[in-house]
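The sequence shown begins at 318 in the working numbering and counts up by one. Glycine included, C-beta positions come from ideal geometry on N, C-alpha and C. Notes to accompany the following structure.
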Amino acid sequence: MTGLLVADSYFGFMALLGIISLAGTVINNAIVLLDRIRIEIDENGLDPARALIESAQQRLRPILLTTATTIGGLIPHWLSGGPMWDPMAISIIFGLAGATILTFGIVPVLYTLLFRVIFKDFRI
318 MTGLLVADSY FGFMALLGII SLAGTVINNA IVLLDRIRIE IDENGLDPAR ALIESAQQRL
378 RPILLTTATT IGGLIPHWLS GGPMWDPMAI SIIFGLAGAT ILTFGIVPVL YTLLFRVIFK
438 DFRI
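Next up, the structure:
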């Protein structure tokens, strides 16, 4: 929604369609990160604190690359897509950029809180 305000666009059906499609991408990014944490704990035998850090480091590049390619692919729709495609492209571009930041901020914090991961004696 903020992206539509920044780009001086309107909220309509195509913007709603963009937000719905954005939800799938964001959930997929979170699942990929959580699955990597589980792999680090179960298969590599790391403690949860170390697994959380390692997983975030390992998944950073793939998630940023998919975000960058999606945003790059939608920029032509935003710039020359016309009144039908502009709101969808804008909602996906701004939403994905913000959600990527949240993926590496909110998901690890929630994992730490829900699974009671302790970082008391954690060393880098």
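Buried or exposed: where does residue i fall if 16 or more other Cβ atoms within 10 Å of its Cβ makes it buried?
i: T420; result: buried
i: N361; result: exposed
i: N345; result: exposed
i: Y428; result: buried
i: V323; result: exposed
i: I337; result: exposed
Check residue i in the structure and name its three-state DSSP category.
i: G329; result: coil
i: E371; result: helix
i: G341; result: helix
i: D352; result: helix
Got a sec, what are the start and stop residues for the alpha helix (DSSP H) residue i sits in?
i: F421; result: 399-431
i: V323; result: 319-323
Which whole-angstrom value describes the C-beta separation of residue i and residue j, a residue pair presumed to lie in contact below a C-beta threshold of 8 Å?
i: I354; j: A368; result: 5 Å
i: L408; j: L321; result: Before going on, a small fix: residue 408 reads as Ser here, not Leu. Correct: roughly 6 Å between the Cβ atoms.
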